[in-house]
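A short write-up of the structure that comes next.
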Amino acid sequence: MRFPRRAPLGAVLASVLIVPTVVVAPTFNVGSQPTPRPISPHVQQLQLTGVDRATLSASPTPDAVVKGLMHAKGISAGAARRAVGTRAPVVLTKELSTDDYRLLGVSWAANSTKQVVVTARTHTDGAWTNWFDLPPMEDTANHPSPNGRLATSPYWAGDSDGVQLRVDALTKQDPTDLHVDLIEPGTSPADAAILNPPTSGAAFASTDKPNIVTRKEWGADESLRDRHLDMGKTVQVAFVHHTAGSNNYGPNEGPAVVRGLYSYYIHTLGYADIGYNFLVDRYGHVYEGRAGSITKPVRQAATGGFNKDTMSVVAMGNFVSARAPDAMVRGIAHILAYRLSSYQRNPYGHKKLRAETGSSRYSAGQIAKFKVISGHRDAGYTACPGGRLYNRLDDIRRLTKSYMGSNLVEPSISRTSVPAGHRVDVHVRSGVLQSQNWTLTVSRLCGGGVVRRISGTAAPGKPINVTWRGRNDSGKLVPPGRYRVRLSSSGNGTQAWPWARTVSVHVGGAASRPSGTKLGRAAGGTYVPLKPNVIADSTSGKGISRPVLLGPGARVDVPVLGRGGVPSNNVSAVAVSVVASCASSRTGVSISPGGLKVPGARVVSVDTNGTARGFTMMRVGKSGDVTLRNGRGTVAVNLAVVGYVSTSGGGGSLIPLRRDSLKGANPLGVSATPVDVHVTGRAGVPNDARAVVLNVRRSSESNVSALWAWAAGADKPTPSSWRRGSGGATAQRIIVPIGAGGDIRLAADHAGKVALDVVGYVAAGDTRQLHAVVPRTVTHGGLRVHRDHAVNVSIRGRAGVPSGARAVLVQVTGINPSRNARLTVWPRGAARPNPVDLFVPKNKDRDGFALVAIGDHGDIRVHVGAGNAGVRVSVVGWLS
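For the sequence shown, position 446 matches number 452 in my numbering, and the numbering has no gaps at all.
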C-alpha cells in the first residue's frame with residue numbers, strides 16, 4: 007500500500023521547498039521485443055532548512071546519528087551520545103510525502119562546513135524504514151564538485167514516495183544551501199532484456215571484450231552529459247570503489263541504479279558525466295560508465311588527486327559490513343582484465359603516480375606508489391571501497407591474472423630512432439603472465455610490408471628479450487624509413503593484446519653547414535620545360551651523400567646542375583616537384599638555394615603517415631644545388647626536376663593569365679588509361695605555346711590521389727605531376743609541356759574526376775625574362791585572414807622584386823584554419839577569379855605555387871573563404 011498523499015509541503019512545513027530541476031518524464035520502449043532507449047530521470051529537489059520542534063521532542067535520537075558521529079569523529083558510542091545531546095540538529099523534517107523516487111542524496115554548499123552527519127528514512131513499499139546514515143561522498147570531501155557542493159553518497163532506496171531527513175553539524179559552523187535530490191531513474195521493459203549472463207569464470211583471450219552493458223543499453227540520455235570528456239594517455243592503475251549506497255536492488259534494477267547515479271553526478275554535483283569508468287552490480291553485470299571508457303583511456307572523476315591516467319571501477323552497494331558477492335568480484339576482475347591487458351599491466355604490479363591535486367592522504371605533487379589494482383582508500387583517507395570489498399582485492403588480482411591469459415607485461419623498446427650511419431640494434435623486452443609463444447613482426451610503414459619475423463617462447467621468469475638488427479628475413483640491411491615493430495603472443499588457448507611501436511631508421515641530414523644568407527643577383531632567363539625526372543631520393547640515397555630519413559630540422563643538399571636534363575651551366579633556377587612521404591607527424595618541407603642559411607619557402611605540407619607532392623621554382627646555389635629542409639618529426643623526401651631557367655636563351659617566357667577553366671576539362675574523367683586534352687587555342691593559350699601552367703583541382707568525392715601529365719606523343723614520366731592522399735578537396739599548380747597537335751596527356755592512379763584551370767603558359771620566342779630570387783617571406787607577423795575576407799600583399803620593391811616587375815612567382819601557405827578553407831590569389835584591382843588556388847583542411851596546413859600578375863599599387867590580393875586561416879606568402883621569383 008502506498009504512503010497516503012498529504013497536503014502540499016508548503017502548508018505542512020514552511021522550511022522545506024520542492025524545486026523540480028528536471029521535468030522530462032521517464033520514457034520507455036514498448037513492444038514484444040523491447041529495445042533500449044534513452045531514459046530521462048525525474049528529479050525532485052527539496053530545500054532543507056530548520057527543525058520541526060514537535061518531531062524533535064517526540065522522537066529519540068536515532069541510532070544512525072550516533073553511528074554516523076562515531077565514524078565521523080572516531081569516538082566511542084558513549085562519547086557520541088553525549089556529543090549529540092549538546093547540540094540540536096541543523097535540520098530535522100517531518101515525514102514528507104513526495105513524488106515517486108528510488109535514489110536520494112543530500113548536498114550543501116562547499117564554502118560552509120565539511121563535517122556533517124546526515125541521516126534519513128524513507129517511505130518504501132508502503133512503510134517507513136528505520137533511520138540510516140548517508141555517508142559522505144569521498145570524492146567531494148577534499149575537492150568540491152564542479153558546481154561547488156559537498157554531498158553524501160547516493161542511496162538506493164527502492165520504490166519510495168516519502169522521506170524524512172536529519173542533518174547534524176560537527177562544527178560550530180552550519181552547512182548552508184542544503185537540499186536533498188530525490189531521483190526517479192525511469193523504467194523500461196528493456197532493463198530486464200538487456201542483461202546477458204556475465205562472462206564465465208574461465209580464462210579468455212585478453213582481447214575478447216567481456217559482456218558489458220553499454221550506455222545505450224542501460225538507457226543513458228546522452229544529451230545530459232558534456233560531449234568533450236578529457237582523455238588520458240594510458241591506464242597505469244585501476245582503483246576499486248563502492249557507491250556506499252544500499253545493496254537492496256533486484257537483478258533487473260541495475261540499469262535503473264546506474265541511471266540514478268548518472269543523474270546524481272550530473273544534476274546534483276555538476277560533473278561532465280558519471281564519475282566512474284565502469285560499474286559492477288552485485289549480480290556481476292558490468293556497465294559502461296564514462297562515455298568511451300570501453301576502448302579509450304577516458305579520464306575518471308572518482309579518485310581525487312589521481313584521476314589522470316587511471317581508471318575506476320565501482321561496486322554498486324555498500325561493503326563496509328556486507329560481504330562483496332562472488333559474482334561481483336568476478337565482474338570486477340573481468341573488466342579489469344580486459345582494460346589492463348590492453349595497456350599490458352601486471353595485476354600484481356606497482357606504479358608510481360604524482361598527485362595532481364591534494365587528497366586527504368597525499369599533497370599535490372607528491373609521488374605515491376600504488377598497486378596496479380588498488381582500493382580508493384589507498385589514495386585517500388576513506389572507507390571506500392568498504393572493508394569487506396577491500397579485503398577481497400587479492401581475490402580480484404588473482405582472478406584478473408587468470409582471465410588475462412597470455413598477457414604481455416610492461417613491454418619496452420630500447421630506441422625508437424636510429425641515427426644515420428649507426429647500427430640498428432633495437433631491443434624489445436616484455437614480461438609474461440604464463441608460458442606462451444611470441445612473434446616479433448617488423449613491417450615497413452607506408453607501403454613496405456613485412457620485412458622481418460622473429461619468434462620464440464617465454465614464461466614467468468623467462469621474459470621476452472629479442473633484438474632486431476635492422477635486417478630483413480634475407481639478411482639484408484633495410485633502407486631508411488619508418489618501421490612498425492609489433493609483438494604478439496599466445497598460449498593455452500588465449501591470445502595477448504598486441505603491442506607495437508614505430509622505429510625511425512637512419513634519421514639524419516646533410517653533414518655540411520650552411521655558410522651564409524646572401525647570394526648575388528641572378529641573371530634573368532627563359533623557361534625550358536623538361537620531362538619530369540627524379541634526381542634525388544632520400545630513402546635510396548640517389549643524388550645525395552647517403553640514404554637518410556630527414557629528422558626534425560634536418561636538411562639535405564641536392565645537386566641539380568648537369569642532372570635530369572638540366573645543363574651544367576647558364577642555369578639560374580630549376581622548377582622542381584618535391585614529394586614528402588611517410589611523415590611521423592604533420593610537417594612541412596621547405597626549399598632554398600643550396601648552402602644558404604635561410605628559412606626557404608615551404609613547398610609541401612604533409613599529414614602524419616601521408617604523402618604529398620608540391621611544385622615550385624627555386625634559385626640554384628653557388629655549388630649548383632638546392633636544399634630541402636624538414637620541419638617536425640621524420641620524413642622521406644624525393645625531388646624531380648621538371649624545368650629550368652636558362653640564362654643563355656633557348657627557352658620561352660612565363661606568361662600569367664587570368665584563371666580560366668579549360669574547356670572540356672571541368673571536370674575531366676581520368677583513370678590509368680591516358681586521355682588527351684587539347685590546350686592550345688583555349689583559355690588564352692596561343693597555338694605556339696611550349697607549355698601550359700595548370701591549376702589541378704580535385705573534389706572531396708574524387709578517388710584520384712596521383713596524376714601524371716605530360717606532352718602528348720612523349721613517354722609517360724615515372725614521377726607523378728601531382729599527388730595528395732585521398733579524401734578532401736585539394737588543388738596544385740603544375741607546368742606541363744605541350745605535345746604534338748597542342749595536346750597534353752593525363753593519367754591517374756584511380757578512376758575519378760579532376761578539374762583543370764589555365765593560369766599561364768610558356769611563350770615561344772618571347773624575350774621577357776624570369777628572375778629567380780632567394781626566397782623571402784613578405785607576410786611577416788603571422789598574417790591571419792578572417793573568413794570571406796581578402797588582404798592586400800605588397801610585392802613591388804620588396805624581396806628583390808623591382809618596381810618594373812610585371813608578375814611574381816610566390817609560394818602561398820594556408821595555416822591552421824578554423825574550418826575547411828579556400829585560398830585565392832590574384833592581382834589587386836582585378837576581379838577575384840572563381841576557381842580557388844588552394845584548399846586547406848581544418849587545423850592543417852597546405853602549400854601552393856602561384857604565378858600572379860602584379861596589380862594596382864604593386865600588390866596582389868589573398869582571399870580566404872569558408873574559415874579563418876593564417877597566410878604566408880614567400881617570393882621565389884619575378885617576371886620582367
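Where is the CB? At the ideal position from N, CA and C, for every residue including glycine.
Ala770: member of the beta strand (DSSP E) spanning Gly758 to Ala770, first to last residue. Selection Met237, Val335, Arg172 and His248 evaluated against Ala297 yields Met237 as nearest (Cα-Cα). Its chain contains Val457, Arg458, Trp474, Tyr489 and Val491 as the residues whose beta carbon lies nearer than 6 Å to that of Val448, once the 5 sequence neighbours on both sides are disregarded; these appear in chain order. Ala244 has its alpha-carbon roughly 17 Å from the corresponding atom of Pro216.
When DSSP states are grouped into helix, strand and coil, Val49 belongs to the strand group. Look at Leu399 here: in three-state DSSP terms it is helix. In chain order, Ser583, Ala646, Val648, Pro723, Pro725 and Ser727 place their CB closer than 7 Å to the CB of Pro538, counting only its own chain and leaving out the 5 sequence neighbours on each side.
Counting only runs of at least 3 residues, the region 684-713 fully encloses the following beta strand (DSSP E) elements, listed from N- to C-terminal order: 697-704. Approximately 29 Å separates the beta-carbon atoms of Pro303 and Ala196; this is outside 8 Å, ruling out the contact. Linking Val415 to Arg305 through their CA atoms gives a straight-line distance of about 22 Å. The continuous stretches of beta strand (DSSP E) do not include Tyr344, which lies in the alpha helix (DSSP H) extending over residues Asp332 to Ser348. In the structure shown, Glu190 adopts extended strand secondary structure according to DSSP, grouped into three states.
Distances from the CA of Arg703 to each of Thr653, Asp227, Val765 and Leu776 were compared; the closest alpha carbon is that of Val765. The DSSP-derived three-state label of Ala196 is helix. Counting the other Cβ atoms within 10 Å of the Cβ of Lys759 gives 16 or more, which makes it buried. Counting the other Cβ atoms within 10 Å of the Cβ of Ile280 gives 16 or more, which makes it buried.
The DSSP-derived three-state label of Glu259 is coil. Using a Cβ distance threshold of 8 Å, Ser574 and Val562 do not count as a contacting pair. The count of Cβ pairs closer than 8 Å, one atom from the region 630-637 and one from the region 552-568, reaches three, so the stretches are in contact. Per the Cβ contact rule, the region 505-516 is in contact with the region 416-433 (3 or more Cβ pairs under 8 Å).
Between the region 378-389 and the region 244-253 there are three or more C-beta pairs closer than 8 Å, enough to call the two in contact. A contact is defined here as three or more CB-CB pairs under 8 Å, and the region 404-418 fails this definition with respect to the region 160-175. Excluding five sequence positions before and after Gly639, the CB atoms of its chain that fall closer than 7 Å to its own CB belong to Pro558, Ala589, Ser590, Ser591 and Thr593, given in chain order. Within 10 angstroms of the beta-carbon of Ala308 lie 16 or more other beta-carbons, which makes it buried. With fewer than 16 neighbouring CB atoms inside 10 Å of its own CB, Gln53 falls in the exposed class. Between Val604 and Val780, the CB-CB gap stays under 8 Å. Here the C-alpha atom of Trp832 lies approximately 6 Å from the C-alpha atom of Val858. The criterion of a C-beta distance shorter than 8 Å is satisfied by Ala126 and Leu171. Using a Cβ distance threshold of 8 Å, Ile741 and Arg802 do not count as a contacting pair.
Partner residues in the beta bridge of Pro535, as assigned by DSSP, are Gly649.
A Cβ-Cβ separation of about 6 Å places Gly873 in contact with Arg793 under the 8 Å criterion.
Rounded to whole angstroms, the separation of the alpha carbons of Val698 and Val691 is 7 Å. Put simply, the backbone Cα of Ala827 is about 24 Å away from that of Gly606.
For Arg351, the CB contacts under 7 Å within the same chain, skipping 5 residues up- and downstream, are Val378 in chain order. Within a 10 Å sphere around the beta-carbon of Ile373 sit fewer than 16 other beta-carbons, which makes this residue exposed. Per the DSSP secondary-structure output, Gly658 pairs in a beta bridge with Tyr533 and Ala770.
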